[in-house]
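Below: the structure, in structure tokens.
Now the structure itself:
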């Protein structure tokens with residue numbers, strides 16, 4: 006009896022912890038415009054095996070992505086796809102293909118290598134942001150194909166697509182809205198790729214885990230909307246700094262996990 010009580014208590018604590026992580030990350034995303042998927046993925050990767058962490062994050066990050074995509078515009082999801090897809094279809098296609106391969110790496114490659122890659126990408130992202138440097142790549146078709154595919158592979162395996170994708174989008178457009186919308190289109194396709202490739206791990210989830218994913222998705226939406234409302238009243242720079250601090254700590258932790266796996 007005591008053992009069953011302890012198990013129930015552990016499950017409740019786990020749900021509270023995950024709920025706090027997703028709500029906090031989505032709130033910060035709503036305020037600052039970044040951080041939700043990368044923070045939740047890295048936090049969960051320090052608790053669970055990487056593949057399971059990615060599986061738990063897919064649907065909450067998908068709904069945050071869709072909500073962010075629809076915010077601040079009069080177009081529907083499909084209208085956004087058509088409007089931005091006309092110009093950036095090749096970037097979207099290459100990122101989708103890359104995402105399929107990246108998600109397959111979760112099934113093929115030792116997670117220790119992917120954890121180290123995730124830590125390296127986070128390190129690059131944090132350092133370049135702190136230095137205030139925006140790496141811009143030439144706006145050419147070969148660069149577009151390479152960046153789209155590379156961003157897809159990294160995104161499919163680690164959920165860190167934006168770190169690579171932004172380097173091209175910043176050179177392709179000066180319009181922040183276009184950069185955000187095209188980025189979100191590629192992220193959305195990346196989630197679709199993960200769902201297709203990781204369908205067996207998703208199907209293997211029990212009813213309790215699906216309930217958890219549903220709760221986390223709802224919490225993420227609510228926290229995101231609150232963050233968007235608070236955005237106009239709060240200093241975004243402070244929250245961006247907080248996200249960078251959190252990512253630094255989490256990046257060090259998952260990097261250490263990857264290193265210890267080889268020891």
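Numbering (this note's numbering), first residue to last: 6 to 268. Backbone N, C-alpha and C define an ideal beta-carbon position, used for all residues, glycine too. These numbers were taken from a predicted model, which means no experiment stands behind them.
- An exposed status is given to residue 22, since fewer than 16 other beta-carbon atoms sit within 10 Å of its beta-carbon.
- Around the C-beta of residue 202, 16 or more other C-beta atoms lie within 10 Å, and the residue is accordingly described as buried.
- Along the length of the region 122-188, whole alpha helix (DSSP H) runs at least 4 residues long occupy 146-163 and 167-177, reported in chain order.
- For residue 210, no alpha helix (DSSP H) encloses it, and the DSSP letter there is neither H nor E.
- Boundaries of the alpha helix (DSSP H) around residue 71: 55-75.
- By the neighbour-count criterion, in which a residue is buried when 16 or more other Cβ atoms sit within 10 angstroms of its Cβ, residue 254 is exposed.
- One alpha carbon belongs to residue 145, the other to residue 119, and they sit about 29 Å apart.
- The Cβ atoms of residue 182 and residue 46 lie no closer than 8 Å to each other.
- Counting every other CB atom within 10 Å of its CB across the protein chains shown gives residue 143 a total below 16, marking it as exposed.
- Taken atom to atom, the span from the alpha-carbon of residue 223 to that of residue 260 is near 30 Å.
- For the pair of segments examined, the region 232-248 was found to touch the region 33-43: the number of CB pairs separated by less than 8 Å reaches three.
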